[in-house]
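At position 284 of the sequence shown (counting the first as 1) the number is 1621 in our numbering, and the numbers step up by one without a gap. The C-beta atom is built at its ideal place from N, Cα and C for all residues, glycine as well. None of these values were measured; they are calculated from a predicted model.
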Amino acid sequence: MSPAQGLRLPRAPRGAAPPRADAHPPAELPGRRRGRRREAVSGCLYVVGTPLGNLGDLTPRARETLASVDLVACEDTRRTRALLSHLGIRVETLAIPAHREAERAEAVARRLAAGADVALVTDAGMPGISDPGTQVVRAALGVGATVVPVPGPSALSTAVAASGLAAHPLHFIGFLPRKGGERRRRIEEAGRWPGAVVLFESPHRVGDTLTELADAWGADRPAVVARELTKRFESFARGTLGTLAERFAGAPLRGEVTIVVGARPQAPAERGAPDLEAALEAVAAQVAAGVRAKDACKAVGRVQGIPATALYRAWNSRRG
1338 MSPAQGLRLP
1348 RAPRGAAPPR
1358 ADAHPPAELP
1368 GRRRGRRREA
1378 VSGCLYVVGT
1388 PLGNLGDLTP
1398 RARETLASVD
1408 LVACEDTRRT
1418 RALLSHLGIR
1428 VETLAIPAHR
1438 EAERAEAVAR
1448 RLAAGADVAL
1458 VTDAGMPGIS
1468 DPGTQVVRAA
1478 LGVGATVVPV
1488 PGPSALSTAV
1498 AASGLAAHPL
1508 HFIGFLPRKG
1518 GERRRRIEEA
1528 GRWPGAVVLF
1538 ESPHRVGDTL
1548 TELADAWGAD
1558 RPAVVARELT
1568 KRFESFARGT
1578 LGTLAERFAG
1588 APLRGEVTIV
1598 VGARPQAPAE
1608 RGAPDLEAAL
1618 EAVAAQVAAG
1628 VRAKDACKAV
1638 GRVQGIPATA
1648 LYRAWNSRRG
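Rendered as structure tokens:
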């Protein structure tokens, strides 16, 4: 049964006309004020998430918003008009490329100040994460407009969710500078972060970037390369920075790429002095589960920062 078939209208009293399905006007979009004088009150800026590649990910709320506003401010009008055409929506669009965001943000602010409602979108995902949008939101706030998020897909959260890597705390780089001292500085800075790191990369630079990260952060650090998220050829390559660097060295790739790197291993000094008693208890638990004492000492010693031989001697001493 479809949702429409499952909808029951209330029965009218005997002899009265049944209620019309359109008797009640549709609910207003969040932020829209009933009865406001549009020429006197600033409009509303809706920050709308759009699909990464699968049109099925567009929410009903996003579609309703795009169909209800006076203007859609977008990263690339060609991409956005294709989406709007697919949805059967005809609305004015305004391009806001990254290199002209400040200028176009002022144009959007003027429209909002005049009472227009505007939707802000990018080619894919949520505006302002790694694409244009931040300056538009600031300009809107500057003229007293209401800013309403309409959440949608994001390559950042999508890649992290499917990575299987602990992501707390999380450091998001976006795109690294292409070359030079600023690129090296950003890599060194992110390498000091104790938690997971996420970055976007162009497909033809993935191999080189993974090699740089392996050299700077350690080849054994776990990582995932997510490509073409939500699209037909979506893929996840899992391994370490070293193995992935070898895999993607010189490999021709296409499509958007998100790299998730697992948390930095703690050095013994960061963990504080090793706790021998806690280590011996961990060894005892593994031995009770059937693990050989020597193997248990190796595993626990690696985690606790205690040499396996010293831990094994302490274990034997306690038993003897």
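Query raised in the report: Which residues bound the alpha helix (DSSP H) around I1426?
Result: Position 89 of the sequence shown, counted from the first residue, corresponds to residue 1426. Boundaries for I1426: no alpha helix (DSSP H) harbours it, and the DSSP string shows neither H nor E there.
**Report entry** Proximity winner among V1458, L1421, L1449, P1469, relative to R1437 (alpha-carbon distances)
**Finding:** Mapped onto the sequence shown, residue 1437 falls at position 100. Selected option, being the one with the closest Cα: P1469.
Query raised in the report: Among the residues of its own chain, which have a CB less than 7 Å from the CB of V1458, if the five just before and after it don't count?
Result: Reading the sequence shown from its first residue, position 121 is the one you call residue 1458. Closer than 7 Å at the Cβ level, and outside the excluded window around V1458, lie V1385, T1387, V1409, C1411, T1417, P1464.
Query - Residues of its chain near A1503, where Cβ-Cβ distance is below 8 Å and the 5 sequence neighbours each way are ignored - result: By 1-based counting over the sequence shown, the position of residue 1503 is 166. G1532, A1533, G1599, A1600, listed in sequence order.
**Report entry** Pick from H1423, G1501, I1510 that is closest to R1575, judged by C-alpha positions
**Finding:** Locating residue 1575 in the sequence shown gives position 238, counting from the first residue. Of the candidates H1423, G1501, I1510, the one whose C-alpha sits nearest the C-alpha of R1575 is G1501.
Query - Simplified DSSP state of G1462, which is helix, strand or coil - result: For this step, residue 1462 is matched to residue 125 along the sequence shown. The answer is strand: DSSP assigns G1462 an E or B state.
Query raised in the report: What's the call for D1454, buried or exposed, on a 16-neighbour Cβ count within 10 Å?
Result: Indexing the sequence shown from 1 puts residue 1454 at position 117. It is buried - the Cβ of D1454 has at least 16 other Cβ atoms within 10 Å.
Query raised in the report: Starting from S1564 and walking both ways along the alpha helix (DSSP H), at which residues does that stretch end?
Result: As a first step, residue 1564 must be located in the sequence shown, where it is residue number 227. According to the sequence as given, residue 1564 is Arg; it is not Ser. Counting along the chain, R1564 falls outside any alpha helix (DSSP H), though it belongs to the beta strand (DSSP E) covering 1559–1564.
Report task. Could you check if S1467 is buried or exposed, using at least 16 other CB atoms within 10 Å of its CB as the buried criterion? Result -> Translated into the one-based positions of the sequence shown, residue 1467 becomes position 130. Looking at its Cβ environment, which holds 16 or more other Cβ atoms inside 10 Å, S1467 is buried.
Report task. At 4 residues or longer, and completely inside the region 1491–1564: list those alpha helix (DSSP H) runs for me, N to C. Result -> 1492–1500, 1518–1528, 1543–1554
Query raised in the report: How would you label P1488, buried or exposed, when you count the other beta carbons within 10 angstroms and need 16 or more for buried?
Result: Position 151 of the sequence shown, counted from the first residue, corresponds to residue 1488. Classification of P1488: exposed, given that the 10 Å Cβ count is below 16.
Report task. Please list, in chain order, all residues of the same chain as G1352 whose beta carbon is under 8 Å from its beta carbon, the five residues on each side excluded. Result -> In the sequence shown, residue 1352 corresponds to position 15, counting from 1. For G1352, the predicted model reports a pLDDT of 45, less than 50, meaning its position is unreliable; a value from the coordinates is still stated below. For G1352, where only same-chain residues beyond five positions count, there are no Cβ hits under 8 Å.
Query - Segment contact, 8 Å Cβ cut-off, at least three pairs: the region 1559–1573 with the region 1504–1517 - result: no
Requested in this report: Sort out for me which residues DSSP pairs L1457 with in a bridge.
Outcome: As a first step, residue 1457 is located in the sequence shown; it is residue number 120 there, counting from the start. Among the bridge pairs identified by DSSP, L1457 is matched with V1384, A1410.
Requested in this report: Indicate whether G1544 and A1492 have their beta-carbon atoms separated by less than 9 Å.
Outcome: In the sequence shown, the residue the question calls residue 1544 occupies position 207. In the sequence shown, the residue the question calls residue 1492 occupies position 155. G1544 is not a Cβ neighbour of A1492, given a cutoff of 9 Å.
Query - C-alpha gap between P1362 and W1554, whole angstroms - result: For the purposes of this step, residue 1362 is identified with residue 25 of the sequence shown, where counting begins at 1. For the purposes of this step, residue 1554 is identified with residue 217 of the sequence shown, where counting begins at 1. With a pLDDT of only 37 at P1362, under 50, the local geometry of the prediction cannot be trusted, and the value read off the model is given with reservation. Rounded to the nearest angstrom, the two C-alpha atoms are 58 Å apart.
**Report entry** Same chain, Cβ closer than 7 Å to P1559, five either side skipped, listed in chain order
**Finding:** Position 222 of the sequence shown, counted from the start, is the residue given in the question as residue 1559. Here the set comprises L1502, T1577, G1599.
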